[in-house]
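Protein chains in written order, with the working numbering: chain A, 1 to 272; chain U, 273 to 543.
Just so it is clear, CB atoms sit at the ideal spot from N, CA and C, and this is done for glycine as well.
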Amino acid sequence: MNIALSLHDVWVEYGDLVVLERIKLDIEEGSFVSIIGPSGAGKSSLLRVLLGQEAPTRGSILLDDIPLKPECEPDRGVVFQRYSVFSHLSVLDNTLFGLECAQAPLMARLFGARRRVAVAEAEEMLVAVGLGDQLHLYPSQMSGGMQQRLAIAQALIKRPRILLLDEPFGALDPGIRSDMHALITRLWSEYSLTIIMVTHDIREAFSLGTRVLALDKTRQDPHAPHRYGASVVYDIPVTKKGALTKDVSVDAGDKTSVEVVSSITVDTTNNN
Amino acid sequence: MRWVNRRISRGNGLLLGAIPILLLVVVYLLVAADRNAINPNDKIFPLPGAMVQAMWGLVFEPDQLSGRLLFWADTLASLQRLGIGIGISALSALLVGLMLGILPPVRATFGMLVTGIAVIPPIALLPILFITFGLGETAKVALIVIGIAPFMTRDIAAHIGGLPREQIVKAQTLGASTWQLMLRVALPLAMPRLIQGMRLSLGPAWVFLISAEAIASDIGLGYRIFLVRRYLAMDVILPYVAWIALLAATIDFILATSSRRLFPWAHGENR
Numbered sequence: 001m002n003i004a005l006s007l008h009d010v011w012v013e014y015g016d017l018v019v020l021e022r023i024k025l026d027i028e029e030g031s032f033v034s035i036i037g038p039s040g041a042g043k044s045s046l047l048r049v050l051l052g053q054e055a056p057t058r059g060s061i062l063l064d065d066i067p068l069k070p071e072c073e074p075d076r077g078v079v080f081q082r083y084s085v086f087s088h089l090s091v092l093d094n095t096l097f098g099l100e101c102a103q104a105p106l107m108a109r110l111f112g113a114r115r116r117v118a119v120a121e122a123e124e125m126l127v128a129v130g131l132g133d134q135l136h137l138y139p140s141q142m143s144g145g146m147q148q149r150l151a152i153a154q155a156l157i158k159r160p161r162i163l164l165l166d167e168p169f170g171a172l173d174p175g176i177r178s179d180m181h182a183l184i185t186r187l188w189s190e191y192s193l194t195i196i197m198v199t200h201d202i203r204e205a206f207s208l209g210t211r212v213l214a215l216d217k218t219r220q221d222p223h224a225p226h227r228y229g230a231s232v233v234y235d236i237p238v239t240k241k242g243a244l245t246k247d248v249s250v251d252a253g254d255k256t257s258v259e260v261v262s263s264i265t266v267d268t269t270n271n272n
Numbered sequence: 273m274r275w276v277n278r279r280i281s282r283g284n285g286l287l288l289g290a291i292p293i294l295l296l297v298v299v300y301l302l303v304a305a306d307r308n309a310i311n312p313n314d315k316i317f318p319l320p321g322a323m324v325q326a327m328w329g330l331v332f333e334p335d336q337l338s339g340r341l342l343f344w345a346d347t348l349a350s351l352q353r354l355g356i357g358i359g360i361s362a363l364s365a366l367l368v369g370l371m372l373g374i375l376p377p378v379r380a381t382f383g384m385l386v387t388g389i390a391v392i393p394p395i396a397l398l399p400i401l402f403i404t405f406g407l408g409e410t411a412k413v414a415l416i417v418i419g420i421a422p423f424m425t426r427d428i429a430a431h432i433g434g435l436p437r438e439q440i441v442k443a444q445t446l447g448a449s450t451w452q453l454m455l456r457v458a459l460p461l462a463m464p465r466l467i468q469g470m471r472l473s474l475g476p477a478w479v480f481l482i483s484a485e486a487i488a489s490d491i492g493l494g495y496r497i498f499l500v501r502r503y504l505a506m507d508v509i510l511p512y513v514a515w516i517a518l519l520a521a522t523i524d525f526i527l528a529t530s531s532r533r534l535f536p537w538a539h540g541e542n543r
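Next comes the structure, spelled out in structure tokens:
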């Protein structure tokens, strides 16, 4: 498999505070990487660095062997837990936004035939996430689950090299959450995505991911707890039952995950 | 039932709202009738008949000197000053506020200046305005603009600056440039806030308008009130004040309605 993203000895520090240290990672194309870890272990910092929202203090990140600029670019899509969609745009306009930005630098709006082409593409994407019938609703009129579906469609229409998910299902009901798990698994295989997901939910991490990374501090100085940062303490490949085919159902993933969890120790109690 | 849980229906709400107003009117009429019984020439509490008589001339009869219907000319002049003042303020607040809110270099450069201007009492600048712009329309409009634009600007800047970081990041991951981000994300999100800012600024705007007209003018609602004050003409002042209140309430209503019409997403309306 190709390496899509590689981190070379990445450190993230804020003044004296070391958040992440010695992160060395290669993320393969087509993998679904879940990142777990206790609060304050730098999961969000890692995501921000991958997103380009901030630059690592040390080390380098290569996307397809090209160093990342410390700025968000359309090659990395993102879905946050909240505020991922624009409240002032309808479902369709939210999805069109990415296409309009690329094709209309000055107006950021498309008209006529070009708009019709873009609308067709957006509608197709919305149908894929199950929002085909809600094109003209505003986000405030939709449930949390529908908003996340929209956020995913909005990100995927740019065909990002990597899709970053920041606790995307954390605020949803359990029932809706399992629907969303099925959806993201399906999209992941249909669109051959490379996904990096930060989550609090260990079950979710193992059931969805093909690889689970646990972040935590390996060293502690009780007199200066801020002097040591977190790094990757577990790097667990998850082989799905019935292996090799990507579109394994979520349930099957669940069963494997239980086996994997029982064989290692992961700090579940401090996890929120 | 606890008072905090009492829900008032629309009809009852209107009824309840009318009670204190009617009560005030009745108290006024009682006091006025009482004083008129003692002194039929009382000027402080004119009866409605006297008000109608005094206003009749202003509303329907052309002024002997200028040939204008003074009441309507006053209204038009004042509304024009107010409209231009609020319009310029809103436009500049939107432009400057957007840039201050979303572009860190602009905020670093001009943020302190805008804050500094905002804390100056506008009336203290009135002499400077009169000296620079003369006593004409420009000075009056400028007073309104100086009075309310800094507040509106800071309000917009704070609102845009406080947008969830996620929104700005998301737009960039969708390929938006700074310009596209401002045009398609920040500007529309600022619009309902701008209208709200205009509604809040309407009160101060009237204060500055009336002040400017009172000090140097030859027409306008504020000018008329301060002119007839010399003759203790409460029969003109009271109707004028009521008219100003009605105008202000109407403008506020129009702004609120247009905001709900134009930006339904900002008002959480489920339709």
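Contact with chain A by residue i, beta-carbon distance below 8 Å
| i | result |
| --- | --- |
| Leu446/U | yes |
| Ser531/U | no |
| Val417/U | no |
| Pro376/U | no |
| Gly540/U | yes |
| Gln468/U | no |
| Pro460/U | yes |
| Ser449/U | yes |
| Leu510/U | no |
| Leu367/U | no |
| Trp515/U | no |
Residue i Cβ short of 7 Å to the ligand SAH heavy atom set
| i | result |
| --- | --- |
| Pro377/U | Of the ligands one can find in the structure shown there are none, so the ligand SAH has no counterpart to examine. |
Whole-angstrom distance between residue j and residue i, CA atom to CA atom
| i | j | result |
| --- | --- | --- |
| Leu215/A | Arg22/A | 11 Å |
| Arg186/A | Ile61/A | 28 Å |
| Val508/U | Ala462/U | 41 Å |
| Gly357/U | Leu407/U | 16 Å |
| Asp524/U | Thr95/A | 35 Å |
| Gly434/U | Asp427/U | 10 Å |
| Glu54/A | Val12/A | 9 Å |
| Glu73/A | Phe169/A | 23 Å |
| Asp251/A | Ser207/A | The pLDDT assigned to Asp251/A is 45, lower than 50, so where the model puts this residue is not dependable; a value taken from the coordinates is nonetheless given after this. Computed Cα separation, rounded: 8 Å. |
| Phe535/U | Leu527/U | 12 Å |
| Leu474/U | Ile360/U | 13 Å |
| Leu370/U | Val232/A | 41 Å |
| Ala230/A | Pro464/U | 43 Å |
| Val127/A | Gln141/A | 18 Å |
| Met424/U | Gly321/U | 43 Å |
| Ile35/A | Leu286/U | 58 Å |
| Leu301/U | Ile482/U | 27 Å |
| Trp275/U | Asn284/U | 15 Å |
Counted within 10 angstroms of its Cβ, other Cβ atoms place residue i as buried (16 or more) or exposed
| i | result |
| --- | --- |
| Val457/U | buried |
| Phe111/A | exposed |
| Arg114/A | exposed |
| Trp537/U | buried |
| Asp16/A | exposed |
| His181/A | buried |
| Thr450/U | exposed |
| Gly469/U | buried |
Beta carbon proximity, residue i to chain U, threshold 8 Å
| i | result |
| --- | --- |
| Lys69/A | no |
| Ser84/A | yes |
| Leu17/A | no |
| Ile76/A | With the sequence shown as reference, residue 76/A is identified as Arg, and Ile is not the correct amino acid for it. Yes, Arg76/A counts as interfacial toward chain U. |
| Pro277/A | Because chain A is modelled from 1 through 272, residue 277/A falls outside the range shown and cannot be assessed. |
| Gln154/A | yes |
| His88/A | yes |
| Ala122/A | no |
| Ser276/A | A question about residue 276/A goes unanswered here, because the residues of chain A that appear run from 1 up to 272. |
| Val248/A | Low confidence applies to Val248/A: its pLDDT is 41, below 50, so where it sits in the model is not reliable enough to give any reading. |
| Gln147/A | no |
Same chain, Cβ closer than 7 Å to residue i, neighbours up to 5 away in sequence not counted
| i | result |
| --- | --- |
| Arg219/A | Tyr228 |
| Phe480/U | Pro394, Leu415, Ile416, Gly419 |
| Ala345/U | Ile491 |
| Met454/U | Leu370, Ile374 |
| Leu401/U | Ala411, Ala414, Leu415 |
Chain-order list of residues whose beta-carbon lies under 6 Å from that of residue i (same chain, five-residue window excluded)
| i | result |
| --- | --- |
| Phe498/U | Ala486 |
| Pro139/A | Val85, Ser87, Gln147 |
| Leu504/U | Lys315 |
| Arg307/U | Asp314, Phe317 |
| Phe343/U | Leu330, Val331 |
Cutoff 8 Å; reference residue i; Cβ partners in own chain excluding five residues on either side
| i | result |
| --- | --- |
| Thr347/U | Leu493, Trp515, Leu519 |
| Pro318/U | Ala304, Ala326, Met506, Asp507, Leu510 |
Legend entry - Continuous alpha helix (DSSP H) assignments of at least 4 residues falling wholly in the stretch 389 to 444 of chain U: 398 to 405, 409 to 433
Inset, instruction - Ignoring anything shorter than 4 residues or poking outside the stretch 453 to 505 of chain U, list the alpha helix (DSSP H) runs there in chain order. - result: 459 to 487, 493 to 500
Inset, instruction - At 4 residues or longer, and completely inside the stretch 169 to 242 of chain A: list those alpha helix (DSSP H) runs for me, N to C. - result: 174 to 190, 202 to 208
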